[in-house]
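Quick note: the sequence shown, position 46, residue 54 per our numbering, numbers continuous.
Just so it is clear, CB atoms sit at the ideal spot from N, CA and C, and this is done for glycine as well.
Please read all numbers here as calculations on a predicted model, not as lab measurements.
Notes follow the structure.
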Amino acid sequence: MSAAGLEVAAPKKKCEDVRCPFHGGIKVRGRLLSGKAVSTAGKGFAVVEMEYLHMVPKFNRGERRRSRVSAHVPPCIAVNDGDTVTIGECRPLSKTISFVVVESRRSA
Ligand SMILES: [Zn+2]
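What follows is the structure, given as structure tokens:
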């Protein structure tokens, strides 16, 4: 299923947001990341945390690292704390936001 040029399902709801990749004018290009929504208290955006393994050659082991990015949440996509979300890179929308949520799955 492809929508807005992405390999994600389009949201069932419609919205009027100009900053929506499905119903507005936002183009998603660049990186497509997937992570966990750790904070959805902010208005119109969510903080998404990604965890990755960084290998340390000296000890031949990996260490867990994490990074956080803020992503715009269009009104047609519901994001709650703990949800697994897919975010796509877009043009900078504000000082710290250059990603937009394109898909959200409620984690069990
Ligand atoms: Zn929308």
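Lys-22 and Gly-70 have their C-alpha atoms some 43 Å from each other. Taking 7 Å as the cut-off, the C-beta of Asp-25 counts as close to a heavy atom of ligand 1. In the DSSP assignment, Leu-61 falls within the unbroken beta strand (DSSP E) covering 53-64.
If you draw a straight line from the Cα of Leu-61 to the Cα of Phe-67, it is about 14 Å long. Taken from the Cβ of Lys-35, every heavy atom of ligand 1 lies 7 Å or farther away.
A Cβ-Cβ contact shorter than 8 Å links Val-108 with Gly-96.
If you check the C-beta of Pro-100 against ligand 1, you find no heavy atom less than 7 Å away. If you check the C-beta of Lys-22 against ligand 1, you find a heavy atom less than 7 Å away. At a threshold of 7 Å, Phe-30 counts as near ligand 1, since its beta carbon sits closer than that to one of the ligand's heavy atoms. Apart from the 5 residues on each side of it in sequence, Arg-76 sits with its Cβ closer than 6 Å to the Cβ of Val-55 and Glu-57 in its chain, given in chain order.
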